[in-house]
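Notes follow once the structure below has been shown.
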Amino acid sequence: MNDEELSPRIIAVGDSGVGKTSLIHRIKSGSFLDQTVPTIGAGVNPIDVEVDGKVIS
48 MNDEELSPRI IAVGDSGVGK TSLIHRIKSG SFLDQTVPTI GAGVNPIDVE
98 VDGKVIS
């Protein structure tokens, strides 16, 4: 597999109201939300992360 083909996925699973959306927002933006609206269904939040000088999307 080439480096360009890397596309890891992280899935947050748990009971409602435990902070999955807040955790994902914290990873993406570096801050927590004051208030959130309950997520119905699935949410997709792509981010780019640099690891060992390589950007992984």
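Note that my numbering has the sequence shown beginning at 48, numbered continuously upward. Beta carbons are placed, not taken as given, at the ideal position from N, Cα and C, and that holds for glycine.
Going by DSSP, Ile71 is part of the alpha helix (DSSP H) stretching over Lys67 to Ser76. DSSP, read as helix, strand or coil, puts Ile87 in coil. In its chain, beyond the 5 residues on either side, Ala59 and Asn92 have a beta carbon closer than 7 Å to the beta carbon of Ile71. Annotated as distal: Thr83 and Ser104, with beta-carbon spacing of 8 Å or more.
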